[in-house]
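Heads up: the sequence lines are chains U, L and R, in that order.
The working numbering puts the first residue of the first sequence at 1, with every later residue one more than the last.
The working numbering puts the first residue of the second sequence at 1, with every later residue one more than the last.
The working numbering puts the first residue of the third sequence at 1, with every later residue one more than the last.
Ideal Cβ positions, reconstructed from N, Cα and C, are used throughout, including at glycine.
I have placed the structure first, in the form of structure tokens, so that the comments after it can refer back to it.
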Amino acid sequence: MLNNILPAFLVGGLLCVIGQLLMDLTKAKITPAHVLVGYVTGGVILGGLGLYEPLIKLGGAGATVPLSGFGYTLVKGAIEGAQSGGILGVLAGGVQTAATGIAVAVLFGYLTAIVFNPKG
Amino acid sequence: MLNSKRAGNQTVVFKQPPVILAGYNVVGPKEGQGPLKDTFDMVLKDNYADEKTWERTEMKMLETSMTKVAAKANIPLDSVNYNLAGDLLNQIISSSYAARQIGLPFIGLYGACSTMALSMALGAMLIDGGFASKVLCSASSHHETAERQYRFPTEHGNQRAMYAQWTVTGAGSILLADQGEGPRITSATLGRVLDYGETDTNHMGAAMAPAVADTILNHLQDLNRQPDDYDLIITGDLGTVGLQLLLEVLKRSGLQLSNNFSDCGTLIYSSKQDTHAGGSGCGCSAVVLTGYLLDKLKSRELKKVLFVGSGSLHSSVSSQQGESMPAIGHAVSIEMS
Amino acid sequence: MSEVKLRPPSIAVTKEEYKQLTEKLSPKPTVLKNVLSAFIVGGIICSLGQVIVNFYMNYVGLAKTAAQTAGTATLILIGALLTGLGVYDTIVKYGGAGGIIPVTGFANSMVSPALEYKREGYVFGVGGKLFTIAGPILVYGIISSIIVGLIYLWIR
Numbered sequence: 001m002l003n004n005i006l007p008a009f010l011v012g013g014l015l016c017v018i019g020q021l022l023m024d025l026t027k028a029k030i031t032p033a034h035v036l037v038g039y040v041t042g043g044v045i046l047g048g049l050g051l052y053e054p055l056i057k058l059g060g061a062g063a064t065v066p067l068s069g070f071g072y073t074l075v076k077g078a079i080e081g082a083q084s085g086g087i088l089g090v091l092a093g094g095v096q097t098a099a100t101g102i103a104v105a106v107l108f109g110y111l112t113a114i115v116f117n118p119k120g
Numbered sequence: 001m002l003n004s005k006r007a008g009n010q011t012v013v014f015k016q017p018p019v020i021l022a023g024y025n026v027v028g029p030k031e032g033q034g035p036l037k038d039t040f041d042m043v044l045k046d047n048y049a050d051e052k053t054w055e056r057t058e059m060k061m062l063e064t065s066m067t068k069v070a071a072k073a074n075i076p077l078d079s080v081n082y083n084l085a086g087d088l089l090n091q092i093i094s095s096s097y098a099a100r101q102i103g104l105p106f107i108g109l110y111g112a113c114s115t116m117a118l119s120m121a122l123g124a125m126l127i128d129g130g131f132a133s134k135v136l137c138s139a140s141s142h143h144e145t146a147e148r149q150y151r152f153p154t155e156h157g158n159q160r161a162m163y164a165q166w167t168v169t170g171a172g173s174i175l176l177a178d179q180g181e182g183p184r185i186t187s188a189t190l191g192r193v194l195d196y197g198e199t200d201t202n203h204m205g206a207a208m209a210p211a212v213a214d215t216i217l218n219h220l221q222d223l224n225r226q227p228d229d230y231d232l233i234i235t236g237d238l239g240t241v242g243l244q245l246l247l248e249v250l251k252r253s254g255l256q257l258s259n260n261f262s263d264c265g266t267l268i269y270s271s272k273q274d275t276h277a278g279g280s281g282c283g284c285s286a287v288v289l290t291g292y293l294l295d296k297l298k299s300r301e302l303k304k305v306l307f308v309g310s311g312s313l314h315s316s317v318s319s320q321q322g323e324s325m326p327a328i329g330h331a332v333s334i335e336m337s
Numbered sequence: 001m002s003e004v005k006l007r008p009p010s011i012a013v014t015k016e017e018y019k020q021l022t023e024k025l026s027p028k029p030t031v032l033k034n035v036l037s038a039f040i041v042g043g044i045i046c047s048l049g050q051v052i053v054n055f056y057m058n059y060v061g062l063a064k065t066a067a068q069t070a071g072t073a074t075l076i077l078i079g080a081l082l083t084g085l086g087v088y089d090t091i092v093k094y095g096g097a098g099g100i101i102p103v104t105g106f107a108n109s110m111v112s113p114a115l116e117y118k119r120e121g122y123v124f125g126v127g128g129k130l131f132t133i134a135g136p137i138l139v140y141g142i143i144s145s146i147i148v149g150l151i152y153l154w155i156r
């Protein structure tokens, strides 16, 4: 069990390094928000090409925790939806798989915003 | 033109230079820990100061500096003719609310970070023109109100560029009068808007330097002066990078420079406070003027100062649409006999 | 519209020259330091994620996929809490992409605007602003997954 923590550290760290380089070496117009959109889309594309699954086998949480992992979840759901339900399956598949994550984010986000106040 | 007080293209010279009777400032905790901490009249314990929102805090800061500067100058507030004020928020709401509390005839100004210098130039013109005998000139900014309006939510994680500046939490006021003891405003040069194409709203120093240089050049040309005629030429908030750009542009434009240039934004924070390129905001030049500069003028350590406010006139929408940032600089010369 | 005759700027620098001057004098980001910090902070957060998933699999007995979902949910909660406590922006200040890329950064980008604009009410403030920064992520993620799914269908 403990021997999957080091790969998670390394793979996760490396994925973040790529993001840092993108943020530092591109023009000021490319904001972190742009980089994140790139990551989720990148996860979708790599997942669709079958290249993200091996990264998850290698790094576990190091590949699922970064936002590209969320993209992988979306495309995996869309492809499974395609296999079982055609076009309607594609449309519903991605969102369905990501539903728990989205619901949790909305719920915890709302609760936290109510309880706390910004400190600046 | 009859009885002209104009000199050259952009400058006016005051026949009876108005007196700065007193200055008062209120700053946040970060400024109160900086190198100028002993020059501030009031330092808040945190950025809320017991108010429900940061906008209310900023309004309270302005109201405080306005009322207390009159007390410090020993002038009843209701004998002041005009209240000139401005800030960074949409519709200059902090100044409008403060003006509501003060109750004097109000002239709201927007010069972004050059507002303090702008208010001083206009206040002096009102007095020397015979339209007022006493004028309040104020400006303020608050780090959190500016961040949430122009940039990101305050708890949002982001890494700031090395040339970015930190908006000062501060409000400053001066009481200007037609007679009395104190440093005098002897001339004013109102600037024109210059846009040299900077689109990065984190790089305000670069956006403002050309406009500030233009105003300084015109001021010196109009009055036939050299930079050395002043003990100090101090800009509002160009920051460390903007100041370097200013000096380089002035050099290329033919000015003989010596060591008498400085910038309020580079003075207000120490490098330990990790603000990157220094302070910015209307409050920056306002609190440095009303504390540090006025102190040095009154003690005659400085006798002739050119105070040049610098402002970047972009809006939160214009930058999102990819437009470049128009900027302006306003100069007032302050002399102590 | 007639041609307006304006007095030209008094500074002796063209826009092109000024752009080059700005480029030369602007301090560059400390890339090496940032990359190292991003590696460490990102690595730590992902390791924490792995520890949490391991916990759900081995102590709570969840299946692999369920454990991963529960792990992601837990990290979202942690990111939200740290944002509410006013700590997460400091983590990103030092860790850069190490704090932005993991799903905890996604939580921060949802909670921070909701927290900030609470003063503007619960419907438009909190409710409306939850998706200011997270919105584009969902929009582009969902659209690209649909495109890939349709391509997959078409290939089959």
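Burial state of Arg-156 (chain R), where buried means 16 or more other Cβ atoms lie within 10 Å: Within the third sequence, numbered from 1, the residue matching residue 156 (chain R) stands at position 156. When all chains shown are included, Arg-156 (chain R) counts as exposed.
Bounding residues of the beta strand (DSSP E) (the contiguous stretch that carries His-330 (chain L)): Sequence index remark: in the second sequence, residue 330 (chain L) carries index 330 (1-based). For His-330 (chain L), the enclosing beta strand (DSSP E) starts and ends at 327 to 335.
Determine whether the Cβ of Ile-30 (chain U) lies closer than 9 Å to any Cβ atom of chain R. Position 30 of the first sequence, counted from the start, is the residue given in the question as residue 30 (chain U). Not an interface residue.
Residues that Ser-253 (chain L) contacts on chain R, provided the C-beta gap is smaller than 8 Å: One-based indexing of the second sequence puts residue 253 (chain L) at position 253. Going along chain R in sequence order, the residues near Ser-253 (chain L) (Cβ under 8 Å) are Ser-10, Ile-11, Ala-12, Val-13.
Within 9 Å, strictly: CB atoms of Pro-102 (chain R) and Cys-16 (chain U): To locate residue 102 (chain R), count along the third sequence from 1; it is residue 102. To locate residue 16 (chain U), count along the first sequence from 1; it is residue 16. Yes, the pair counts as a contact, with Cβ atoms nearer than the cut-off.
Which class does Gly-86 (chain L) belong to by DSSP, given the choice of helix, strand or coil? Within the second sequence, the letter at position 86 stands for residue 86 (chain L). Strand.
Entirely within the region 57 to 134 of chain L and at least 4 residues each: give me those alpha helix (DSSP H) ranges in chain order. Inside the region 57 to 134 of chain L, DSSP marks whole alpha helix (DSSP H) runs of 4 or more residues at positions 93 to 102, 115 to 128, from first to last along the chain.
With a threshold of 6 Å on Cβ separation, who are the neighbours of Tyr-117 (chain R) within its own chain once the five nearest residues in sequence on each side are excluded? In the third sequence, the residue the question calls residue 117 (chain R) occupies position 117. Here the set comprises Gly-125, Lys-129.
Environment of Ile-137 (chain R) [buried if 16+ CB atoms lie within 10 Å]: The sequence position of residue 137 (chain R) within the third sequence is 137, counting from 1. That one is buried.
Residues from the region 49 to 76 of chain U in contact with chain R, defined by Cβ distance under 7 Å: Correct list: Gly-60, Ala-61, Gly-62, Thr-64, Val-65, Pro-66, Leu-67, Phe-70, Gly-71, Leu-74, Val-75.
Ile-268 (chain L): which of L:Ser-318, L:Ala-286, L:Leu-122 sits nearest, CA to CA? Within the second sequence, the letter at position 268 stands for residue 268 (chain L). Minimum Cα distance to Ile-268 (chain L) is reached at L:Ala-286.
I'd like to know whether the C-beta atoms of Ile-328 (chain L) and Leu-313 (chain L) end up nearer to each other than 9 Å. Locating residue 328 (chain L) in the second sequence gives position 328, where the first residue counts as 1. Locating residue 313 (chain L) in the second sequence gives position 313, where the first residue counts as 1. Contact flag set, yes.
Under 9 Å, Cβ to Cβ, is there at least one residue of chain U near Gly-61 (chain R)? Translated into the one-based positions of the third sequence, residue 61 (chain R) becomes position 61. Taking Cβ atoms only, chain U never reaches closer than 9 Å to Gly-61 (chain R), which makes this a no.
Of all the alpha helix (DSSP H) runs that stay within the bounds of the region 19 to 63 of chain R, which reach a length of 4 or more residues? 31 to 58
Please report the straight-line C-alpha distance between Thr-73 (chain U) and Val-106 (chain U), rounded to a whole angstrom. Here residue 73 (chain U) corresponds to residue number 73 of the first sequence, with the count starting at 1. Here residue 106 (chain U) corresponds to residue number 106 of the first sequence, with the count starting at 1. Straight-line Cα distance between these residues: approximately 18 Å.
Pick out whichever of L:Val-241, L:Asp-229, L:Leu-217, L:Gly-281 has its Cα sitting closest to the Cα of Ala-331 (chain L). Locating residue 331 (chain L) in the second sequence gives position 331, counting from the first residue. Here the closest residue by C-alpha is L:Leu-217.
Please list the partners that Thr-154 (chain L) has in chain U, where partner means a Cβ-to-Cβ separation under 7 Å. Here the question's residue 154 (chain L) lines up with position 154 in the second sequence. Chain U residues near Thr-154 (chain L): Pro-118, Gly-120.
In whole angstroms, what is the alpha-carbon distance linking Leu-220 (chain L) and Leu-245 (chain L)? Along the second sequence, read from residue 1 onward, the residue named residue 220 (chain L) stands at position 220. Along the second sequence, read from residue 1 onward, the residue named residue 245 (chain L) stands at position 245. The straight-line gap from Cα to Cα measures roughly 19 Å.
Do we get a CB-CB distance below 9 Å when we pair Glu-144 (chain L) with the residues of chain U? By one-based count along the second sequence, residue 144 (chain L) stands at place 144. Taking Cβ atoms only, chain U reaches closer than 9 Å to Glu-144 (chain L), which makes this a yes.
Three-pair Cβ contact test at 8 Å for the region 307 to 326 of chain L versus the region 165 to 184 of chain L: no
Evaluate Lys-134 (chain L) with the Cβ neighbour count: other Cβ atoms within 10 Å of its Cβ, from every protein chain shown; 16 or more gives buried, anything less gives exposed. Here the question's residue 134 (chain L) lines up with position 134 in the second sequence. Buried is the call here.
Below 9 Å between beta carbons is the criterion; list the residues of the region 94 to 115 of chain R that meet it against any residue of chain L, in chain order. Tyr-94, Gly-95, Gly-96, Ala-97, Gly-99, Ile-100, Gly-105, Asn-108, Ser-109, Val-111, Ser-112, Pro-113, Ala-114, Leu-115
Taking all protein chains shown into account, do 16 or more other C-beta atoms lie within 10 angstroms of the C-beta of Ile-78 (chain R), making it buried, or fewer, making it exposed? Start at 1 with the first residue of the third sequence, and residue 78 (chain R) comes out as number 78. Ile-78 (chain R) counts as buried, since at least 16 other C-beta atoms from the protein chains shown sit within 10 angstroms of its C-beta.
Using a beta-carbon distance cut-off of less than 7 Å, what residues from the region 141 to 154 of chain R approach chain U? Gly-141, Ile-142, Ser-144, Ser-145, Ile-146, Val-148, Gly-149, Leu-150, Tyr-152, Leu-153
In angstroms, rounded to a whole number, what distance separates the CA positions of Gly-123 (chain L) and Ile-185 (chain L)? By 1-based counting over the second sequence, the position of residue 123 (chain L) is 123. By 1-based counting over the second sequence, the position of residue 185 (chain L) is 185. Going from the Cα of Gly-123 (chain L) to the Cα of Ile-185 (chain L) covers about 10 Å.
Residue of R:Thr-72, R:Ala-67, R:Gly-141, R:Glu-3 minimising C-alpha distance to Thr-41 (chain U): What you label residue 41 (chain U) is simply residue 41 of the first sequence in a count that begins at 1. Of R:Thr-72, R:Ala-67, R:Gly-141, R:Glu-3, the residue nearest in Cα terms is R:Gly-141.
Can you name, in chain order, every residue of its own chain whose Cβ lies under 8 Å from the Cβ of Gln-256 (chain L), other than the five neighbours on each side? Here residue 256 (chain L) refers to the residue found at position 256 of the second sequence. Cβ within range, chain order: Gln-226, Pro-227, Asp-228.
Using only alpha-carbon positions, find the residue among L:Ser-79, L:Gly-236, L:Ile-174 that is nearest to Leu-104 (chain L). For the purposes of this step, residue 104 (chain L) is identified with residue 104 of the second sequence, where counting begins at 1. Checked all of L:Ser-79, L:Gly-236, L:Ile-174; the closest Cα to Leu-104 (chain L) is L:Ser-79.
Does the Cβ-Cβ distance between Tyr-230 (chain L) and Asn-259 (chain L) come in under 9 Å? Stepping through the second sequence from its first residue, residue 230 (chain L) is reached at position 230. Stepping through the second sequence from its first residue, residue 259 (chain L) is reached at position 259. Result no, Cβ atoms of Tyr-230 (chain L) and Asn-259 (chain L) do not sit closer than 9 Å.
With distances taken from CA atoms, which of L:Leu-62, L:Leu-77, L:Ala-49 is nearest Leu-176 (chain L)? Translated into the one-based positions of the second sequence, residue 176 (chain L) becomes position 176. The option with the nearest alpha carbon to Leu-176 (chain L) is L:Leu-77.
Can you tell which of R:Leu-75, R:Ser-26, R:Lys-33, R:Ala-63 has its C-alpha closest to the C-alpha of Gln-50 (chain R)? Taking the third sequence and counting its residues from 1, the one referred to as residue 50 (chain R) is at position 50. Taking the Cα of Gln-50 (chain R) as reference, the smallest distance to any Cα among R:Leu-75, R:Ser-26, R:Lys-33, R:Ala-63 is reached at R:Leu-75.
Step through the CB atoms of chain R and report whether any lies within less than 9 Å of the CB of Asp-214 (chain L). As a working mapping, residue 214 (chain L) is identified with position 214 in the second sequence. Interface residue, yes.
Going by beta carbon distance, what residues of the same chain come within less than 7 Å of Leu-85 (chain R), once the five residues before and after it are set aside? Indexing the third sequence from 1 puts residue 85 (chain R) at position 85. Here the set comprises nothing.
If I measure Cβ to Cβ from Met-59 (chain L) and keep anything under 6 Å in the same chain, skipping five residues before and after, which residues do I get? The count along the second sequence starts at 1 and reaches residue 59 (chain L) at position 59. Once the five neighbours on either side are set aside, the close Cβ partners of Met-59 (chain L) are Ser-94, Tyr-97, Ala-98.
Backbone secondary structure at Lys-119 (chain U) - three-state DSSP: The residue given as residue 119 (chain U) occupies position 119 in the first sequence. Correct three-state label for Lys-119 (chain U): coil.
Hey, is Gly-86 (chain R)'s beta-carbon within less than 9 Å of any beta-carbon in chain L? Here the question's residue 86 (chain R) lines up with position 86 in the third sequence. Interface residue, yes.
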